[in-house]
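Heads up, the thing below is written out as structure tokens.
Dropping the structure here:
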């Protein structure tokens, strides 16, 4: 073998190993992207649940609505009394 052939063989070997490394990195990145997508879906679902729970908590109980009605009635009665 001449030095050129040895050099080409070493170079071909190096290119093949770099190709394998790139393929492994590509596979790892693809798995990472898939996991990131799955995680973002989970976070999005959790955010939707939190918003739904917050809306449920913001709904007034029957006692609170009754108290609000009573308060409104008293304020309107007071205002009507002041006008007269």
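Numbering (this note's numbering), first residue to last: 1 to 84. We put the beta carbon where it would ideally sit given N, CA and C, even for glycine. Note that the structure is predicted; figures quoted are calculated from it, not measured.
Quick one: Cα of residue i to Cα of residue j, how far?
i, j, result
"residue 56", "residue 49", "10 Å"
"residue 35", "residue 45", "15 Å"
"residue 23", "residue 43", "30 Å"
"residue 14", "residue 4", "15 Å"
"residue 32", "residue 17", "22 Å"
"residue 7", "residue 21", "21 Å"
"residue 66", "residue 77", "17 Å"
Go through the stretch 11-78 residue by residue and report every complete run of the alpha helix (DSSP H) that reaches 4 residues or more, in order. You should have found no qualifying run.
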